[in-house]
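Structure, as structure tokens:
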Amino acid sequence: MSGKTLYDKLWDAHVVDTDGNGTSLLYIDRHLVHEVTSPQAFEGLRLAGRKPWRVDANLAVPDHNVPTTDRSRGVSDPISRAQLEALDRNCREFGIREFAMNDVRQGIVHIIGPEQGATLPGMTVVCGDSHTPTNGALGALAFGIGTSEVEHVLATQCLVLKKSKNMRVYVDGHVAPGITAKDIVLAIIGEIGTAGGTGYTIEFAGEAIRNLSMEGRMTVCNMAIEAGARSGIIAVDERTIDYVRGRPMAPGGELWDGAVEAWRDLHSDPDAAFDREVHIDAGAIAPQVTWGTSPGMVLPVDAAVPDPQQESDPVRASGMRRALEYMDLAPGTPLMDIRIDKVFIGSCTNARIEDLRAAAQQVRGRRVADSVRLAMVVPGSGLVKKQAEDEGLDRVFLEAGFEWREPGCSMCLAMNADRLEPGERCASTSNRNFEGRQGQGGRTHLVSPAMAAAAAVHGHFVDIRQTAGAA
Amino acid sequence: MEPFIRHKGLLAPIDRPNVDTDAIIPKQYLKSIKRTGFGPNLFDDWRYLDPGGLDIDNATRRRNPDFVLNQPRYQGASILLARENFGCGSSREHAVWALHDAGFRAVIAPSYADIFYSNCFKNGLLPVTLDATEVDRLFREVEATPGYELEVDLEARTVTTPDGAVLRFDIDDFRRETLLKGLDDIGLTLEKQDRIRAYEQRRRREAPWLFADTARGAG
Ligand code: SF4
Chain U
642 MSGKTLYDKL WDAHVVDTDG NGTSLLYIDR HLVHEVTSPQ AFEGLRLAGR
692 KPWRVDANLA VPDHNVPTTD RSRGVSDPIS RAQLEALDRN CREFGIREFA
742 MNDVRQGIVH IIGPEQGATL PGMTVVCGDS HTPTNGALGA LAFGIGTSEV
792 EHVLATQCLV LKKSKNMRVY VDGHVAPGIT AKDIVLAIIG EIGTAGGTGY
842 TIEFAGEAIR NLSMEGRMTV CNMAIEAGAR SGIIAVDERT IDYVRGRPMA
892 PGGELWDGAV EAWRDLHSDP DAAFDREVHI DAGAIAPQVT WGTSPGMVLP
942 VDAAVPDPQQ ESDPVRASGM RRALEYMDLA PGTPLMDIRI DKVFIGSCTN
992 ARIEDLRAAA QQVRGRRVAD SVRLAMVVPG SGLVKKQAED EGLDRVFLEA
1042 GFEWREPGCS MCLAMNADRL EPGERCASTS NRNFEGRQGQ GGRTHLVSPA
1092 MAAAAAVHGH FVDIRQTAGA A
Chain G
8 MEPFIRHKGL LAPIDRPNVD TDAIIPKQYL KSIKRTGFGP NLFDDWRYLD
58 PGGLDIDNAT RRRNPDFVLN QPRYQGASIL LARENFGCGS SREHAVWALH
108 DAGFRAVIAP SYADIFYSNC FKNGLLPVTL DATEVDRLFR EVEATPGYEL
158 EVDLEARTVT TPDGAVLRFD IDDFRRETLL KGLDDIGLTL EKQDRIRAYE
208 QRRRREAPWL FADTARGAG
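Line order of the protein sequences matches chains U and G.
Under the working numbering, the first residue of the first sequence is numbered 642, with each subsequent residue one higher.
Under the working numbering, the first residue of the second sequence is numbered 8, with each subsequent residue one higher.
Written as structure tokens, this is what we have:
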């Protein structure tokens, strides 16, 4: 018999019950909650007269709607305010722990889980949000769920699921200087496609993944959903254990020792079988820039906008044509000639401390180009913001002409006041370049923090391997 | 939940791959704390020429005459025909609520994103998976034939075209069963509460750190 994959191990440990046709009842250890996908779930509980099954498994934080400017006067948009107040009210009513908007621990939900030690290796972690796999970087089985499932988890601490298939993406070798986790994951999506991971849990492995910091691993797992996979995971190693040690909600004392012993088994067995394996050569990865309206529409920065006429599949060709029209780009245009209007450094993909450091390195002693209307940095959490300020990064950004904001989702999805105007073009460190994602009619190019920062300085995309500061 | 057994209705085509849930229902409507009322804003950025929001009356907005669902021949459509990877992106169940609220009872596509697919079953919306050549054929026929209706039968797992052709589809037994009967998922799970408790007791012994209380480190 062959060994187990990491996903098999995590799955098997959480099965409460199985029925004859391959459906299992899976136990959920941690449930993270935000204001957008939870109100209808709490309402459902109330209507059915149900209570949360295990209150202490839940942690809530507002992030999507919160303003990123001065919060001392509250939230001016009445509709956003009502949704934020609904979360406060629901948490109070059901006794759920919440880091409220003005708490220094508030931030984007996927950043808060690992930062607080609320997410631990070996856990099942869910949230009504598709970027929940971010937590999988810690060796947890983490996935996004819909609002009905949020209600299901609240009421039963379980979900009814079918096991997915196993895929392993190996990123072999070393990346070139200046190449980050974001470039790795965009290159993976470019390779396997936005539906390539549908029906799978992806384990990211290989030397280039092992060599990533925990922050970098979170960036990679964060975008598993952009490859269609509901979940992405990375095996536990010493780096994982060091990261978790001492976090506010992490175990201490004897409990810690027992936990670490168990966590050391959280990797795929050498003889484990995968339904699909993909190999990517890390050394061949260049800085990535998306040119279209799907994260799979991505190319190396030194490439040119592709030509739909070269595409043989008619459905794909028409998708490309539509994307180019929306993005207002002509085939053959070098990506480095694309001029940008706004720069957004933030989101659950790239708003951790190392992201802000990489961006700061590109702008130190420089100025945002005159043609760039707005360049903003939105830290992922209050604690990331504080740390960055302790390191003086806020000064670096402010002196260069960036805005330095309060933590939240911000212009990743433009639910608050931060958004693109129709026709505006943005270099963004977020994860989705869908039509209208950052504001109706807005045009998004996904890049790494260093690439976004360098684009802010130059007013167009540049190859950071060739500009100073790429060290 | 509302059951789905069989349904006959007008088909409307959305001919593009990778339709994401941001396109199905844009972010500004996610501020609603209700499950209903999303129908008029289904595909909002495509449907209207001017911006909308929860505080804007849709009746005052300019409709995009080129958008397929605005065309008179597709008024009253209740089955949506789509391309591969339909419903990708955000987990927002609002996308399913919007489709349902706009009168859709079934979607037909060659493939779906996982989260969207499972959200459908929680709301009585049937996602039918047919292979790409069959979907192609339906696109051709619906575009050529005004008033093109399909009959979708979950019990028989078939889609029947107006000329009597029967297309079969696969679907998971458990999901089919819950949808046919309109069962309450949570109620079903709670019938197993003794097992959930027994599981918790065992895990509390074996792996107590998993039960870390979020109130810890609360300060
Ligand atoms: S930062 Fe963007 S992708 Fe991440 S949770 Fe917020 S809205 Fe979603």
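Even for Gly, the Cβ is constructed at its ideal location relative to N, Cα and C.
>> If I follow the unbroken beta strand (DSSP E) through F784 (chain U), where does it start and stop?
In response: 782-785
> Does the segment 690-705 of chain U come within contact of the segment 736-743 of chain U, defined as at least 3 CB pairs closer than 8 Å?
Replying inline: yes
>> What does the alpha-carbon distance come out to for the pair A225 (chain G) and V826 (chain U)?
In response: Residue placement at A225 (chain G) cannot be trusted, given a pLDDT of 45 that sits under 50; what the coordinates show is reported in the next sentence. So the alpha carbons of these two residues sit roughly 34 Å apart.
>> Are the CB atoms of V942 (chain U) and L896 (chain U) within a distance shorter than 8 Å?
In response: no
>> Short of 8 Å in beta carbon distance, which residues of its chain neighbour K804 (chain U), apart from the five on each side in sequence? Order them along the chain.
In response: So the list reads W652, G663, S665, once near-sequence residues are dropped.
> For P153 (chain G), does the count of other Cβ atoms within 10 angstroms reach 16, so buried, or fall short, so exposed?
Replying inline: With a 10 Å radius around the Cβ and a threshold of 16 neighbouring Cβ atoms, P153 (chain G) comes out exposed.
> Among G:A105, G:F93, G:P117, which residue has its Cα nearest to the Cα of R175 (chain G)?
Replying inline: G:P117
> Exposed or buried, which one is Q950 (chain U) when buried takes at least 16 other CB atoms within 10 Å?
Replying inline: Around the CB of Q950 (chain U), fewer than 16 other CB atoms lie within 10 Å, so the residue is classed as exposed.
>> When you compare the CB positions of G189 (chain G) and P79 (chain G), do they come within less than 8 Å of one another, or not?
In response: no
> Over what stretch of residues does the alpha helix (DSSP H) that includes T140 (chain G) continue unbroken?
Replying inline: 139-151
>> Can you list, in chain order, the residues of its chain with a C-beta nearer than 6 Å to that of E100 (chain G)? Leave out the 5 residues immediately preceding and following it.
In response: Taken in chain order, the residues that qualify are N126.
> Sorry if obvious, but does the Cβ on I749 (chain U) come closer than 7 Å to a heavy atom of ligand 1?
Replying inline: yes
>> I want to check one thing, is the minimum distance from the CB of L827 (chain U) to the heavy atoms of ligand 1 below 7 Å?
In response: no
>> Along the segment 963-996 of chain U, where does the CB come closer than 7 Å to a CB of chain G? Name the residues.
In response: Of all residues in the segment 963-996 of chain U, only R963 place a beta-carbon less than 7 Å from a beta-carbon of chain G.
> Between S935 (chain U) and chain G, is there a C-beta pair that is closer than 8 Å?
Replying inline: yes
> Using DSSP with H/G/I as helix, E/B as strand and the rest coil, what is A1097 (chain U)?
Replying inline: helix
>> Checking the sheet assignment: what are the DSSP bridge partners for P975 (chain U)?
In response: U:A945
>> Between the alpha carbons of A219 (chain G) and T760 (chain U), how many angstroms are there, rounded?
In response: 10 Å
>> Cβ closer than 8 Å: which chain A residues qualify as neighbours of D108 (chain G)?
In response: This model lacks chain A altogether; the protein chains it does include are U and G.
> On the three-state DSSP scale, how would you describe N65 (chain G)?
Replying inline: helix
> Counting Cβ pairs, one atom from each stretch, are 3 or more of them under 8 Å apart for the segment 868-876 of chain U and the segment 835-854 of chain U?
Replying inline: yes
> What residues of chain U sit near G171 (chain G), judged by a beta carbon separation below 9 Å?
Replying inline: Under the 9 Å cutoff, chain U gives no residues; its nearest Cβ is about 28 Å from G171 (chain G).
> Under 8 Å, do S713 (chain U) and N1057 (chain U) count as touching if we go by C-beta distance?
Replying inline: no
> What did DSSP end up calling H751 (chain U) once you bin it into helix, strand or coil?
Replying inline: Residue state, collapsed to three classes: helix.
>> Does D1031 (chain U) pass the burial test, meaning 16 or more other C-beta atoms within 10 Å, or should it be called exposed?
In response: exposed
> Distance, Cα to Cα, V745 (chain U) vs F93 (chain G)?
Replying inline: Roughly 39 Å separates the two Cα atoms.
> What does DSSP give as the partner residues of P20 (chain G) in its beta bridges?
Replying inline: G:L88, per the DSSP bridge assignment.
> Using the rule of at least 16 other Cβ atoms within 10 Å of the residue's Cβ for burial, across every protein chain shown, is H815 (chain U) buried or exposed?
Replying inline: Burial check for H815 (chain U): the Cβ neighbour count within 10 Å stays below 16, so the residue is exposed.
> Which parts of the segment 837-892 of chain U are runs of the beta strand (DSSP E), unbroken and 3 residues or longer, counting only runs that do not cross its ends?
Replying inline: 841-846, 872-874
> Which one of G:Y119, G:R147, G:R69, G:A151 has the shortest CA to CA distance from D51 (chain G)?
Replying inline: G:R69
> Cβ-heavy atom distance between L725 (chain U) and ligand 1 below 7 Å?
Replying inline: no
> Hey, would you say the C-beta of C127 (chain G) is under 7 Å away from at least one heavy atom of ligand 1?
Replying inline: no
> Between which two residues does the alpha helix (DSSP H) containing T28 (chain G) stretch?
Replying inline: 28-31
> Any heavy atom of ligand 1 within a distance shorter than 7 Å of the CB on C1067 (chain U)?
Replying inline: no
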